Structures are given as structure tokens and as C-alpha cells.
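Working notes for the structure below.
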Amino acid sequence: MASDDDIPAKKKIKAKKSPNGGSDVKMKPAVVKSASTNKATSSSKKKRKRELEPDPVKSSSPKKKKTAATANGPKKELKKLDKSERLQYAMQSFLWWNAKEPPEGCQWVTMEHSGVSFPEPYQPHGIKMLYEGKPIDLTPIQEEAATFFAAMDPEGMHLGNPKTANIFIKNFFADFRDILGKKHVIKDFKKCDFEPIRKHLNEQKIIRKAITDQERKANKEDRNQAMFRYGFAIVDGHLEKVGNYNMEPPGAFRGRGEHPKMGKLQVSLPGHAWGDIRHDPRGQWLATWKENINNQSKYMQLAAQSSFKGKSDRFKYNKAAKLCDKIVDIRKSYKRDLKSKDKETKQLATAVWVIDRLALRVGGEKDTEEEADTVGCCSLRREHFHFDPNNEGGDNKEIELEFLGKDSMLFKQTIDFGATMYNEENGMGVQVYENLKSFCSKKKPTDEVFDAINPTLLNNHLKQFMDGLSAKVFRTYNASRTLQEELRKTEASNGWKRLSAAEKVIEYNNANREVAILCNHQRSVSKAQETQLENLGGKLETLKKQKKTLKAMLKAIAAGNTDKIPTKKHDEKALTEKAAKAVEKAKKLKEKAKTNEEKIKATEADEEAKKKKREITEIKFKQAHLWDKVPTRDQVVKKLEAWNNKISKMEMDLKHKDDNKEVSLGTSKINYMDPRISVAWCKRNEVPIEKIFSKTLRDKFNWAMAVEPEWEFNAKIAEE
13 MASDDDIPAK KKIKAKKSPN GGSDVKMKPA VVKSASTNKA TSSSKKKRKR
63 ELEPDPVKSS SPKKKKTAAT ANGPKKELKK LDKSERLQYA MQSFLWWNAK
113 EPPEGCQWVT MEHSGVSFPE PYQPHGIKML YEGKPIDLTP IQEEAATFFA
163 AMDPEGMHLG NPKTANIFIK NFFADFRDIL GKKHVIKDFK KCDFEPIRKH
213 LNEQKIIRKA ITDQERKANK EDRNQAMFRY GFAIVDGHLE KVGNYNMEPP
263 GAFRGRGEHP KMGKLQVSLP GHAWGDIRHD PRGQWLATWK ENINNQSKYM
313 QLAAQSSFKG KSDRFKYNKA AKLCDKIVDI RKSYKRDLKS KDKETKQLAT
363 AVWVIDRLAL RVGGEKDTEE EADTVGCCSL RREHFHFDPN NEGGDNKEIE
413 LEFLGKDSML FKQTIDFGAT MYNEENGMGV QVYENLKSFC SKKKPTDEVF
463 DAINPTLLNN HLKQFMDGLS AKVFRTYNAS RTLQEELRKT EASNGWKRLS
513 AAEKVIEYNN ANREVAILCN HQRSVSKAQE TQLENLGGKL ETLKKQKKTL
563 KAMLKAIAAG NTDKIPTKKH DEKALTEKAA KAVEKAKKLK EKAKTNEEKI
613 KATEADEEAK KKKREITEIK FKQAHLWDKV PTRDQVVKKL EAWNNKISKM
663 EMDLKHKDDN KEVSLGTSKI NYMDPRISVA WCKRNEVPIE KIFSKTLRDK
713 FNWAMAVEPE WEFNAKIAEE
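This note's numbering numbers the first residue of the sequence shown as 13 and each following residue consecutively.
Take a look at the structure:
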């Protein structure tokens, strides 16, 4: 690290106070470089003199064998790494699990970073909104607020839904009126027309698409320069990636679900002075500030792949593993108390059963004026329970639970408390049903079911069984155990060893799906997903028709009727050349475009060229089973075999995508399933880890990659 201007800085600085007392952003490194006048993405005109430039990491650079020069060509050159790749290798070379721990109670000893990257100030566009059909003059601040609303999609999830649209518009207009002032002509939202600004924004999107390759490269370089400056920290002498170094830009708050504050205007922090500079090795955050919507503290922290997060993850999974030895005693305790005559004891036992078996969160009281009405176990209301939802009568023990969980995700499940899975080995499912029925008796829809307990009482009760035990520890334990048991079950099945790696991955995803369902990790099906499934289904039908044609061709060849065999109708080479010319023409138009009109025309030409490429791809697919001339029998047999494989693979792919379209496999993989289970499974079954873990996850869980193939999630690992 050669220069004083390299990130992070080398000298502690004194924060300047702005006339109004400075911003509320606080920095907490050992050594902090001033970012008081920093802007998020400085233009390329302001050239930074120095940047982070680590020495080449010889020990961790990929080694390639030098190939001897041959008569056919020169020696093969080693790949030249760019700066970001060198930085990545530098970070990977640090194995935190083998490094010396900082002093007790400390997260670090020394820390250097460059602070937060602030967004560029708003640049007025001068396009006027209409009020009662007339153009309205707005100040830059007023125009910016109007632009926030105009940027929202009228058919999107916020304005396209009548429920959320009313909340959004009400909140936005209240804040907009505050900015306009009491004397402003704009009084009624219904008389406002933001369409001129929306049209301008849409045009700007088209214009930005006309960017040339050279401009795109320059923009990437600017982003990289910001990343090199703000995106890394030096912690105790080693390099770490910073997570959210960009300050959130101002805009209209969106929130999740029916958040009561959606539409309110998020203001930007001035960034002209730090509120405070701290040296506190006990914490992990690098900077903190308060946002104006919920008045909550936001934190700038190291990235998910950092040693801080790695240590936290390993500790979390090891703590969950402790439950392997404790779970039997915990279940004995709550099963005994399920029949208690004391109301509080009975409710505590029932709540712990629900948390353990249904993986619900604890839940707590919320101000629904400030936050979305999401609930957990303790805050469940009578209206969330529907007994015997299908009116079957008799000894039916079903309850439909329906409520909004974390992040406003709908939890809607019909649970049969009389099922074997909840009653085998004295599971007490029927007793829990009777308890819940009695808790709900004579209560109004808005009354809480667990009215004798609260989150504090429940959490303290859990800690009696194990230090640090919480509902999240239960979820992590049950997610990890479920994954391990489901994977072991499939490995013990007949024919497992004959499965291909791709088929084994599907079985892994099925086990992952069981965990996601247990934890209620849902996702809404997007239009893009629906379109993808439709397209995949259409392609599958086309492949099956092509297979029939190939079989008919075999019969025709056997009968000597080769004149009935179809051949390709379209000249693919000529069509490809035509599309390539269209692409080249669009590229030249982009390079020549100077005015907005020319850029729009260039974008339209580019879209047309892309459309031609898609059409050619479709033509190639539709006649992929044919030849330019009549084929031989061997050619048809070979292609028929290939088509059988294609159909089989596509059917598998379609089923997998359809099964998982409403389930988020990633959430449990990132947060709840011990990654060592997956790594060990891959090693036992010779499945490349890349098939189940993305690069991001491989970097995040680098500490888990060295486990043995027979590694098990059990209480022993908690002692490691």
C-alpha cells in the first residue's frame, strides 16, 4: 500500500463541523480518511491521483503450467489479472479461522477505511408537471420530489394495487405539500399530472441505452474507481471488502407489503461534516446515521464474505448444533407443561411447541401506524386462526393459520394437528390443538391468542433450557437437521449411485425446498417467471413434435420414401449475416449519435437488431432437427438419441422451476442451513460445489469448504 492517498487513509483526521452543527453520520474506525466533501460517483473529469494498488499476491494467484513452445505457435501466456481480481485474491489469501483472535471483547485492533460514498446532488431537468392542465414552475427541490413520484410505475406493485396506491399517494402528497408550502397553487392531488416528467424519464432511459461500448467502459471505470476508494478496508493488517459503502439516495420510500409509510420522501444526508469520529473496537460497524422515515439507525458494515460475518455465521451454526444434545430435554419439558392447569405455563409450553414444530418467530407488539402489521407467535390474534377450514366436522383437528410474517410475507398453511407427524413419539399434536382452541374461545377477532405471555417472558423461558436459546436458534437447528435428514434419506434410496450429478442436484433442491416450506420462505411469482415457464413449456412441446418428425423420417428412410423427408426451409447463414449487419448498423448509429433524437433512433435500431437476433434463434430452434439435405439413417438415429436426452433434461428443468416458483430456496441456504452439511454432501457424492452454491455463497462460506465428506451436524461441532 504505497501512498498516503491510498484507501484507507494513514492519518487520523479531525471532523469539521458545518454551520448547522454538521450531519448525524458517525464514523468508527481506528483511522479514518475524511469523506466530508466526498461525492458518490465523481465525474471522470475529476481524476483521482492515487488509488488502492496492492502488490501482486504471488501466493494466491492462480498458477498455470507454462506450456513448451511448439512448432505450431508461441508459448501460452499467463492470464493478466486486473486490479479487482488481484484484490479478490488478496482477500482470499487471508484465512481468518487460522488467524490470531483479537483481545477479548474486541472485534479488531486497527481499522482503516474511507467512509461513505454520497450520491451526486440532484440536477434539475426543467420539465414541468401540470396542475389543472397548466404547466407549473417548481424549484429544484420541488421538482426533485415530483420526479420521485413520476419515476414510479403506474401499473407497478405500489401504484398498480388500489390498497397500496392509496397509502402511497396519501403519504407522498403530504410530504410534497410540505415542500411546496402552504401558499403554493397545488392543493389537490387529483388535479396533478406528472405525465410530462414521466415521459421525459422514459425518454432518458431510451437515450441511456444508446451508450457506446467506449462510454460503457468509461462508466465502469468510474464505478471501479469509487469501489477501489470506498469498497475496501484494512482490518488488523489484512484487506476486507466493505458491504454497503454507497449512501442510500433520496427518493419515495417503498417498503414491503402494505407498509403504512410507503410514499413518504426519503431525504439525503448533506455529507459535509461528520457528526463524530469514534475508535471502538467492540463494534463491527464502520459508519452509522439515522434515516428520516422510521428514524432508525443505518449502518455501513463489512461485506457478507468478511471475517466478521464469517465468525458470526460459524458461531450461529455451532450454537444451533448445541440443541442436538438439549432438544430431547426441552421437548420433554414443554410436553409435560402442555397439560398444566396454570394458564401462563400452558401458553409458554404451547408457544415453544409452535416455535419448534412450525418454525414461527417469537413476534412482538408493533405500532401499525409506524410499521407493517406483521406478526409472530406471541402476537397471533384470533382472526389468524380458522378451525376446521373445510367444514369436515367430526374429529377434524385442522387449523388454517393465515397472517403476514416477516417482510410482509404471507404465512398461509392448513395444519392437521391430528396427523401422524405431529403425534408420533408422543408429539402431542392433538393436545396443542385443544390448547389453541381453548385459547381462542370467547375471544374477539382482534384479541391476542397468547394473552398471558409476551416476547420477553417467552425469550427468558427459552434461555432456561440453554444459554442464548431463541426462536432463531430453533429455526436454524430445525432447518439444518431437516436438510441433513432429507439428504441422508435420498442417499440411502435404491439407485442413488446411478444418478447423474444433475439428478443429484435436483434431489438436493428438493431437500432444500422442504426446509424453505418449514421456514415459510416464500416468494411471489413475477411476470418474468410466468413468461419463462410458458416459454420453457412451449419449447418442450416443440422438441416432442420434432421427435415425432424424426421417428417418421426413420420410417420414410426404411421404406425408401426419401422424397417425403423435410429439410430446412430457411438459410440460417444468410439470416445470421443479415442480423449481424443490423447490429453493426445500430452500433455505428450509437457512435455517431450526438443529439437526443439521434440517440433515440440509435436505440430503436439496436432494439430492432436484437429482435432480428431473437427471431433467428427461434428459427434455428424450430428447424434444429432438420438437415439441409436428406440425411442418412445413422444421422437420424443419432439425432433422435440427442432429442430424447434434450426432452428428458428439459422436463426435469421445467418440473424443478415449477416446483420452486413460489419457494425461496436461497433464504434458507444463506441464513439457516449450516453450509458444512451441503459441502460434505457435495464431497460424498462428487457433485461440484458450484452446482448448489453461487460464487457469492462460496466466498461467504469459505470457512466451511474444508470439512470432511462424512461431516455431521451434531453437538460435537459446538466444541470446535
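Note that the Cβ used here is the ideal one computed from N, Cα and C, for glycine as well. What you are looking at is a predicted structure, and each value in this text was computed from that prediction instead of being measured.
Legend entry - Beta-carbon proximity list for Ala371, same chain, < 8 Å, skipping 5 on both sides: The residues Phe486, Arg487, Asn490, Ala491, Leu530, Cys531 and Asn532, in chain order, have a CB closer than 8 Å to that of Ala371 in the same chain once the five nearest residues on each side in sequence are set aside.
Inset, instruction - Note down the Cα distance separating Asp349 from Phe429, rounded to an integer number of angstroms. - result: Rounded to whole angstroms, Asp349 to Phe429 spans 18 Å at the Cα level.
Legend entry - CB contact flag (Leu469, Lys475, <9 Å): no
Inset, instruction - With a threshold of 8 Å, establish whether the CB of Glu395 neighbours any heavy atom of the ligand FAD. - result: What this structure holds is no ligand at all, so the ligand FAD is not there to describe.
Inset, instruction - Could you pull out every unbroken beta strand (DSSP E) segment of at least 3 residues lying fully inside the stretch 277-363, listed in chain order? - result: 299-302 and 309-312
Legend entry - Three-state secondary structure (DSSP) of Asp583: coil
Inset, instruction - Pick helix, strand or coil for Ser129, following the three-state DSSP scheme. - result: For Ser129, the secondary structure class from DSSP, reduced to helix, strand or coil, is strand.
Legend entry - Neighbourhood of Phe206 by C-beta distance below 7 Å, restricted to the same chain and skipping five residues each side: Met141, Ala158, Phe161 and Ala162
Legend entry - His473 burial status per 10 Å Cβ neighbour count (16 or more: buried): By the neighbour-count criterion, in which a residue is buried when 16 or more other Cβ atoms sit within 10 angstroms of its Cβ, His473 is buried.
Inset, instruction - May I have the straight-line CA-CA distance separating His250 from Val121, to the nearest angstrom? - result: In a straight line, the C-alpha of His250 is about 12 Å away from that of Val121.
Inset, instruction - In the DSSP assignment, find the unbroken beta strand (DSSP E) run with Glu395 in it and report its ends. - result: Note, Glu395: premise wrong, no beta strand (DSSP E); not H, not E.
Inset, instruction - Could you tell me the distance, in whole angstroms, from the CA atom of Met421 to the CA atom of Gln534? - result: 7 Å
Legend entry - Where Gln443 falls, given that 16 or more other Cβ within 10 Å makes a residue buried: buried
Legend entry - Burial state of Thr151 (16 or more Cβ within 10 Å): exposed
Legend entry - Cross-strand partners of Thr426 (DSSP beta bridge): Glu412
Legend entry - His196 vs Gly275 beta-carbon contact at 9 Å: no
Inset, instruction - Can you check DSSP and say which residues form a bridge with Gln534? - result: Val675
Legend entry - Reduced DSSP secondary structure (H/G/I, E/B, other) of Glu610: helix
Legend entry - Rounded C-alpha distance that separates Glu426 from Ile342: The sequence given here places Thr at residue 426; Glu does not occur at that position. Answer to the nearest angstrom: the Cα atoms are 26 Å apart.
Inset, instruction - Would you decide whether Thr79 is buried or exposed? Buried here means 16 or more other CB atoms lie within 10 Å of its CB. - result: Note that Thr79 has pLDDT 46, beneath the 50 cutoff, so the model's placement of it is unreliable and no number is given.
Inset, instruction - Using only alpha-carbon positions, find the residue among Lys669, Lys673, His637 and Asp671 that is nearest to Asn656. - result: Ranking the options by Cα distance to Asn656, first place goes to His637.
Legend entry - Separation of Glu497 from Phe725, as counted between CA atoms: In a straight line, the C-alpha of Phe725 is about 10 Å away from that of Glu497.
Inset, instruction - Evaluate Gly406 with the Cβ neighbour count: other Cβ atoms within 10 Å of its Cβ, from every protein chain shown; 16 or more gives buried, anything less gives exposed. - result: exposed
Legend entry - Buried or exposed by the 16-neighbour rule on C-beta atoms within 10 Å, applied to Thr176: buried
Inset, instruction - Using the Cα positions of Arg493 and Thr588, report the straight-line distance between them to the nearest angstrom. - result: 53 Å
Legend entry - Own chain, CB closer than 7 Å to Tyr346, minus 5 neighbours either side, in chain order: Ala361, Val364 and Trp365
Legend entry - Whole-angstrom distance between Lys334 and Thr432, CA atom to CA atom: Cα to Cα, the separation comes out at about 27 Å.
Inset, instruction - Go through its chain and collect everything with a Cβ distance to Lys75's Cβ below 8 Å, but skip five positions before and after it. - result: The predicted model places Lys75 with a pLDDT of 45, which falls under 50 and marks its position as unreliable; any figure quoted below should be read in that light. So no residue of the chain qualifies.
Legend entry - DSSP state of Tyr143 mapped onto helix, strand, coil: strand
Inset, instruction - Taking only runs that begin and end inside the stretch 157-236, name each unbroken alpha helix (DSSP H) of 4 or more residues, in chain order. - result: 174-192 and 207-221
Legend entry - Coarse secondary structure for Val247, derived from DSSP in three states: For Val247, the secondary structure class from DSSP, reduced to helix, strand or coil, is strand.
Inset, instruction - Identify which residue in Glu404, Lys599 and Ala591 has its Cα closest to the Cα of Thr629. - result: Ala591
Inset, instruction - Find the nearest neighbour of Asp618 within the set Glu627, Lys597 and Pro114, judged by alpha-carbon distance. - result: The candidate whose alpha carbon is nearest that of Asp618 is Lys597.
Legend entry - Contacting residues, own chain, Cβ-Cβ under 8 Å from Gln544 (five flanking each side not counted): Lys669
Inset, instruction - Give the secondary structure of Lys484 by DSSP, where H, G and I count as helix, E and B as strand, and everything else as coil. - result: helix
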